[in-house]
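Numbering (the working numbering), first residue to last: 1 to 276.
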Amino acid sequence: MVTGLDDPQLANIALKTGAYGYIIKPFECNEVLIDVANALRRRRLEIENRAHRDELEQMVLQRTESLRHALKGLELAAEETIRRLAIAAEFRDDETARHIQRMSMYCALLARLSGLDHARCELIRIASPMHDIGKIGTPDNILLKPGKFTPEEFKVMTRHTDIGHRILLGSDAELLKLAATIAWTHHESFDGTGYPRGLAGAAIPLEGRIAAIADAFDALTSKRVYKPAYPVAQAVDLMQSHRGKQFDPALLDTFFGSMSQVTAIRNQYADSQVTS
1 MVTGLDDPQL ANIALKTGAY GYIIKPFECN EVLIDVANAL RRRRLEIENR AHRDELEQMV
61 LQRTESLRHA LKGLELAAEE TIRRLAIAAE FRDDETARHI QRMSMYCALL ARLSGLDHAR
121 CELIRIASPM HDIGKIGTPD NILLKPGKFT PEEFKVMTRH TDIGHRILLG SDAELLKLAA
181 TIAWTHHESF DGTGYPRGLA GAAIPLEGRI AAIADAFDAL TSKRVYKPAY PVAQAVDLMQ
241 SHRGKQFDPA LLDTFFGSMS QVTAIRNQYA DSQVTS
């Protein structure tokens, strides 16, 4: 900026608003040339710095996207590993991969209908397939028995909840903590008559109460070594007869109040063992 005013305040304003220099008349030509050269050099550096900054920002965006993609791949791989381990645990008693999928989707549906946020619903969906992982420690002669258990056999069978809990316990990962809780509590009954600890009502974690309903509904409507597949209406009636006893009454009402969504899941993950 070239001016005849020797005003420090004006000079300060000019420099703050973008001027590269403040020249007061009269001036020497060499002084102007030096100031112009300095201004051009500063401007060139600003342009180079801006270009470098834009390049760095683009690199950060690309790296972030790559990391996001890699993380998504790890999440999918972890979920697939969990699902396959759950299938392996249940493979011995003729329960199918489709059962695992249906049960986990029922859990996610009921969790969402209960007002849990998306992240928690997803965590429940991924963790719930491990609910019976403790069956890996149940002898075949009990696990595959077609008839009614003796009292001693039933006692052995109930241990799968404790075994599953011990397998999954001790991790800092929220997913495995939740899976351990579900494995330990999905056979607790709302009235306190369940196992392994005889918890009742709200003392049973919500995820355990959700899994109890999802697992029972799919077990009833699927063929097992000890029973045929029940029609949906019969399964609903049977579970309603245990409302407030085995099952949380509010959750059961919510589940059966959304049968169109339940049916959609059954149809999407149907196998030859389920019946209408």
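All C-beta atoms, glycine included, are put in the ideal place defined by N, C-alpha and C. Note that the structure is a prediction, hence the values are computed from the model and not measured.
Residue i to residue j, Cα distance in whole Å?
{"i": "THR64", "j": "ALA179", "result": "30 angstroms"}
{"i": "ALA30", "j": "ILE13", "result": "Here the sequence assigns Asn to residue 30, which means Ala is not the residue at that position. Whole-angstrom Cα-Cα distance: 25 angstroms."}
{"i": "THR138", "j": "PHE255", "result": "30 angstroms"}
{"i": "ASP237", "j": "LEU176", "result": "34 angstroms"}
{"i": "ARG43", "j": "ALA19", "result": "11 angstroms"}
{"i": "GLU48", "j": "ARG41", "result": "11 angstroms"}
{"i": "GLN240", "j": "GLY164", "result": "28 angstroms"}
{"i": "GLU153", "j": "ALA270", "result": "31 angstroms"}
{"i": "LEU71", "j": "ALA119", "result": "16 angstroms"}
{"i": "HIS242", "j": "GLY194", "result": "12 angstroms"}
{"i": "VAL60", "j": "GLU79", "result": "28 angstroms"}
{"i": "LEU56", "j": "PHE217", "result": "54 angstroms"}
{"i": "PHE149", "j": "GLU188", "result": "19 angstroms"}
{"i": "LEU169", "j": "GLU46", "result": "57 angstroms"}
{"i": "ASP35", "j": "LYS16", "result": "17 angstroms"}
{"i": "ASN267", "j": "ASP117", "result": "25 angstroms"}
{"i": "PRO231", "j": "GLY115", "result": "29 angstroms"}
{"i": "LEU113", "j": "HIS69", "result": "30 angstroms"}
For residue i, which residues from the same chain have a beta carbon less than 7 angstroms from its beta carbon, with the 5 sequence-adjacent residues on both sides left out?
{"i": "ALA211", "result": "CYS107, SER128, HIS131, ILE182, HIS186"}
{"i": "ILE82", "result": "ILE126, PRO129, MET130"}
What are the boundary residues of the alpha helix (DSSP H) that residue i is part of?
{"i": "THR254", "result": "249-256"}
{"i": "ALA212", "result": "206-220"}
{"i": "LEU110", "result": "97-113"}
{"i": "SER260", "result": "259-268"}
{"i": "GLY279", "result": "For residue 279 there is no data in the structure shown, the boundaries of the chain being 1 and 276."}
{"i": "ALA235", "result": "232-240"}
{"i": "THR181", "result": "174-185"}
{"i": "ILE124", "result": "118-127"}
{"i": "ILE142", "result": "140-143"}
Checking 8 angstroms against the spacing of the C-beta atoms, do residue i and residue j come in under that value?
{"i": "ALA77", "j": "ILE133", "result": "no"}
{"i": "ASP172", "j": "MET103", "result": "no"}
{"i": "SER258", "j": "LEU109", "result": "yes"}
{"i": "VAL278", "j": "PRO146", "result": "Outside the modelled stretch of the chain, which goes from 1 to 276, sits residue 278, for which no answer is possible."}
{"i": "LEU251", "j": "ILE213", "result": "yes"}
{"i": "TRP184", "j": "THR158", "result": "no"}
{"i": "GLU207", "j": "ILE265", "result": "no"}
{"i": "ALA200", "j": "GLY192", "result": "yes"}
{"i": "ALA277", "j": "LEU220", "result": "Not covered by the structure: residue 277. The range shown for the chain is 1 to 276."}
{"i": "ILE167", "j": "VAL156", "result": "no"}
Who are the near neighbours of residue i in its chain, counting only those whose CB is closer than 6 angstroms to its CB and skipping five residues on each side?
{"i": "ASP248", "result": "PHE190, ARG209"}
{"i": "LYS245", "result": "ASP191"}
CB-CB under 8 angstroms to residue i, same chain, minus the five flanking residues each way: which ones, in chain order?
{"i": "GLU122", "result": "ALA108"}
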